[in-house]
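Trainee: Mapping to my numbering: the sequence shown position 499 is 1551, numbers consecutive. Note that CB positions come from ideal geometry on N, CA and C, so glycine has one too.
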Amino acid sequence: MKHILAFDARAIHRGNKGLAIDHVAVALEVDALLARMTTAQQINELRGSSPRPIDGLYYAGGDATLGLPPYKMVDGPRGARAGKATAFPVAIARAATFNVALERRVGFAIGLEVAAKGGNVLLAPTINLLRHPGWGRAQETYSEDPHHMGAMAVAFISGAQNHVLTSPKHLALNNLENTRFAMSANIGMRALHEVYLPHFKRCVVEAAAASLMSAYNKLNSVYCGEHPALLTHILRELWGFKGFVESDWFLGTRSTAAALNAGLDIEMPAAHHFTDETLALALVSGELTHAIIHRNARNAVYQKLAWRLADQHAPDAAVVECAEHLDLARQVAEQSLVLLKNEAGLLPLDNRSGLRIAVVGDLADTVNLGDRGSSFVTSSAVTTPLAGLRALAEQTTLTHFASHSDFSALNDFDVTIVVAGLTYKDEGEFIPGAQQEAEGSDLARGGDRADLALPERERDLIRRAARASKKTVVVLEGGSAILVHDWIDAVDALLMAWYPGREGGHAIANVLFGAVNPSGRLPVSFPKSMDQLMPWDVAALSVEHDLLHGYRYLDHHGHEPSFPFGFGLSYTTFSLSVFDVRRDGSAFRISVQVANTGARAGAAVVQLYVGAEESSVMRVKNELKGFGRVQLEPHEVAVLEFELTDADLRYFDVEADDWRLDPCVYRMSVGFSSRELSLVTRWQYAGDGWRELS
Ligand code: BGC
């Protein structure tokens, strides 16, 4: 029987240059360099020098006389945003794979393409927690769960940092788009440390992320770009961060002395508050000191020496959109597709029995890669769902009907595939019009979704098609949770496709025809209605954050979502047995057997959740603490192993300003989603030791 580690740190971190730095040696070198630098040279390192990107690169600092190269920063989370590059599925789609090894490879590939474009800093991953699925940039991030987010981000960074520095963003709580330049995310220390920051911490501590981008918004009424507790106390003093913090663009730096004093090292994309004049004034007034300029300049140049950036050469441009990356983009898309409904086993469709298939909807024939904000990537070719189906069809005939066609003929077809959903016009990063026009792209509306329902045109399309068809499959595109309650009963099958990247059409065809068994699982709960979630106001200027959102909120309030976090169907079935939990030092070794009980090979995603009972403080019902993905042949059984440390069980004690392991009962459960936890065991911590409860 094969034994599989749910998270194999050695494999994930392979080649991560950030983890191989000799900080003692670098510190000496950096101090020697700083001693040689004039104040003007130090100041030069504190700011970007390109208000607009040059061939996709944003420059910061750099001084040939000192042998210091500039940082050359490139967006972003789904590929290199510099000319044409491999457009991978958006991050939320990749998160649905629950496949950290694959995400490491995506990070590796994007990092390589960024390096080939001449970049040395990748402005990714986006790791703002998906507090509410209406966030316009939901597609850019990984998850509503901090553990899941952290695992995917660590994998991405370790892959990318084989080639370039990464910059996880946006520190912190940047989770409302429309008011991002003004809103204050208000939060207590417990929820901050337990829910909204743990994934940032993992990027710094486990993956040695080389830099971080601060957020536009405020945290407890102070702009994140000038927040001393965030940028210095938490980031450097508690987590030991050694890299640089750059501001988010345009309105990310709000002041001169306050920002520098707080620990913002580099103003991007160009000097506005960190100009020679403003700095001189701040020095004269005494608000700013030379010691701070020295400190921040040191932070700014540290990674240039640590990473030996001066000696780096761009890899051959042939790696961009190379066959291997296209293959990877397709594999990731295949594993990201989440089968949400499959009435009477309608899917997979038989490609060899002369099926007559109608493909309905404009989106079937539309390049739909996601929003057109800073994470937009264009590829030299993109396979749409219709093109993917056509490429794979054998003895199947396919007929396309545009959205406004007469659907009365649909009844003559064996099955109808409706491709419906959202585009960059419905959700995404909102970039002020001027910038969009300058880049020659369509005016992207993007922004947050006030309502999680599909636009009326898409609902109407699904309903009309379903009414006229014998059998209906819906392929849904979009970057987050979508309400389905008003049309789900009318359709036979539903496949969540996200924004599946340049090879997405092939992936969709492979899953619909059964060449690939779907294995994606939801990284975000799909509620039945907006009422099941917390109030959501896309114009809010002040937003309270606490321990409850996503599945935590649904569990706490006893709401039954349409599809829970972690859920996804397969063309085969799985079962769990032999749940074994053992104490080992200050951790639990947990194992469970997972069997493929059906007739097809497929991948199971097993999830480990923990809840605390009889705790002295409020606890959420269940929290994800581990997950593992296992590929199994029919009837094959494997053992999946997790490690759960005492540190994973602690809560943040606000009084003590520290983490604390509460003496209480810990309920550990495994299953196939946050709402399907079949095996449970309880352990009691008495303050001096552990015992298993029967
Ligand atoms: C976005 C960042 C992005 C930057 C540079 C900002 O508006 O918030 O995520 O990296 O632009 O394009």
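Could you tell me whether any non-hydrogen atom of ligand 1 is closer than 7 Å to the CB of H1222?
Mentor: It does: the Cβ of H1222 is within 7 Å (strictly closer) of some heavy atom of ligand 1.
Trainee: Looking at the strands, I want to know which residues DSSP matches up with L1659.
Mentor: The sequence as given places Gln at residue 1659; Leu does not occur at that position. Q1659 pairs with F1679, G1723.
Trainee: Does DSSP put S1195 in a helix, in a strand, or in coil?
Mentor: S1195: coil per DSSP, three-state reduction.
Trainee: Any idea which residues DSSP pairs R1183 with across the strands?
Mentor: R1183 pairs with nothing; no bridge assigned.
Trainee: Check whether the Cβ of L1181 lies closer than 7 Å to any heavy atom of ligand 1, and answer yes or no.
Mentor: Every heavy atom of ligand 1 is 7 Å or more from the Cβ of L1181, so no.
Trainee: Are the Cβ atoms of L1071 and A1260 separated by less than 8 Å?
Mentor: Yes. Within cutoff.
Trainee: Tell me whether W1742, by its Cβ, gets closer than 7 Å to a heavy atom of ligand 1.
Mentor: False, no ligand heavy atom lies under 7 Å from that Cβ.
Trainee: Please indicate yes or no: does the CB of L1175 lie closer than 7 Å to some heavy atom of ligand 1?
Mentor: Yes, ligand 1 has a heavy atom inside 7 Å of this Cβ.
Trainee: Measuring CA to CA, which of G1663, L1120, G1119, R1516 is closest to H1608?
Mentor: Nearest option by C-alpha distance: G1663.
Trainee: For F1578, list the residues DSSP reports as bridge partners.
Mentor: In DSSP, F1578 forms a bridge with F1615.
Trainee: Would you say D1814 touches ligand 1, meaning its beta carbon is less than 7 Å from a heavy atom?
Mentor: Since the first residue shown for the chain is 1053 and the last is 1746, residue 1814 is missing from the structure and cannot be characterised.
Trainee: Could you tell me which residues DSSP puts in a beta bridge with M1265?
Mentor: The partner list for M1265 (beta bridge, DSSP) reads K1221, E1298.
Trainee: What is the rounded straight-line gap between the Cα of D1197 and the Cα of S1726?
Mentor: Their Cα atoms are separated by approximately 11 Å.
Trainee: Would you report the Cα separation of A1148 and G1295, rounded to the nearest angstrom?
Mentor: Approximately 30 Å between the Cα atoms of the pair.
Trainee: Could you tell me whether the Cβ atoms of L1182 and A1176 are closer together than 8 Å?
Mentor: No, they are not a contact pair.
Trainee: Please give me, in chain order, every unbroken run of the alpha helix (DSSP H) with length at least 4 that falls completely inside the stretch 1583-1653.
Mentor: Counting only runs of 4 or more, we get 1602-1609.
Trainee: Is H1597 near L1225, with beta carbons less than 8 Å apart?
Mentor: Contact: yes.
Trainee: For H1537, does the three-state DSSP call read helix, strand or coil?
Mentor: DSSP places H1537 in coil when its eight states are reduced to three.
Trainee: Say whether the stretch 1576-1587 touches the stretch 1409-1425, bearing in mind that this needs 3 or more beta-carbon pairs closer than 8 Å, one atom from each stretch.
Mentor: Too few Cβ pairs lie closer than 8 Å, so no.
Trainee: With C-beta atoms as the reference, is L1228 less than 8 Å away from A1592?
Mentor: The answer is yes: Cβ separation under 8 Å.
Trainee: Is the Cβ of A1168 closer than 8 Å to any Cβ of chain C?
Mentor: Chain labels in this structure do not include chain C; a single protein chain is all it has.
Trainee: Tell me the rounded alpha-carbon separation between G1650 and V1536.
Mentor: Looking at the two C-alpha atoms, the distance is approximately 28 Å.
Trainee: Pick helix, strand or coil for Q1817, following the three-state DSSP scheme.
Mentor: In the structure as shown, the chain begins at 1053 and stops at 1746. Residue 1817 is therefore absent and cannot be evaluated.
Trainee: Do the stretch 1571-1584 and the stretch 1380-1393 touch if we need at least three Cβ pairs shorter than 8 Å?
Mentor: As far as the Cβ criterion goes, the stretch 1571-1584 touches the stretch 1380-1393, which means the pair count is three or higher.
Trainee: Using the Cβ count rule (16 or more neighbours within 10 Å means buried), how would you classify T1218?
Mentor: Buried, since its Cβ has 16 or more Cβ neighbours within 10 Å.
Trainee: So, with DSSP's three-state summary, where would you put I1483?
Mentor: Looking at I1483 - three-state DSSP - the assignment turns out to be coil, as it is neither helix nor strand.
Trainee: Taking G1473 as part of the beta strand (DSSP E), name the residues at either end of that continuous run.
Mentor: Where G1473 is concerned, the enclosing beta strand (DSSP E) stretches over 1467-1473.
Trainee: Let me check one thing: in DSSP terms, what residues is R1408 bridge-paired to?
Mentor: Paired residue(s): T1449.
Trainee: Do A1738 and E1695 have their C-beta atoms within less than 8 Å of each other?
Mentor: No, these two residues do not count as a Cβ contact at 8 Å.
Trainee: Using only the heavy atoms of ligand 1, determine whether one of them is closer than 7 Å to the beta carbon of G1170.
Mentor: Every heavy atom of ligand 1 is 7 Å or more from the Cβ of G1170, so no.
Trainee: Mapping DSSP to helix, strand and coil, what is S1730?
Mentor: Three-state result, S1730: strand.
Trainee: Helix, strand or coil for T1231, going by three-state DSSP, please let me know.
Mentor: The answer is coil: DSSP assigns T1231 none of H, G, I, E or B.
Trainee: Pull up the distance between the alpha-carbon of L1731 and that of Y1661, whole angstroms please.
Mentor: Roughly 10 Å separates the two Cα atoms.
Trainee: Count the C-beta pairs between the stretch 1053-1063 and the stretch 1678-1688 that are closer than 8 Å, then say yes if the count reaches three, no if not.
Mentor: Touching, yes.
Trainee: Residues in the same chain with beta-carbon distance under 7 Å from A1161, minus the five sequence neighbours each way, listed in chain order, please.
Mentor: Result list for A1161: T1138, H1377, L1380, in chain order.
Trainee: If we count the other Cβ atoms within 10 Å of its Cβ and call it buried at 16 or more, is S1431 buried or exposed?
Mentor: With 16 or more Cβ atoms within 10 Å of its Cβ, S1431 is classed as buried.
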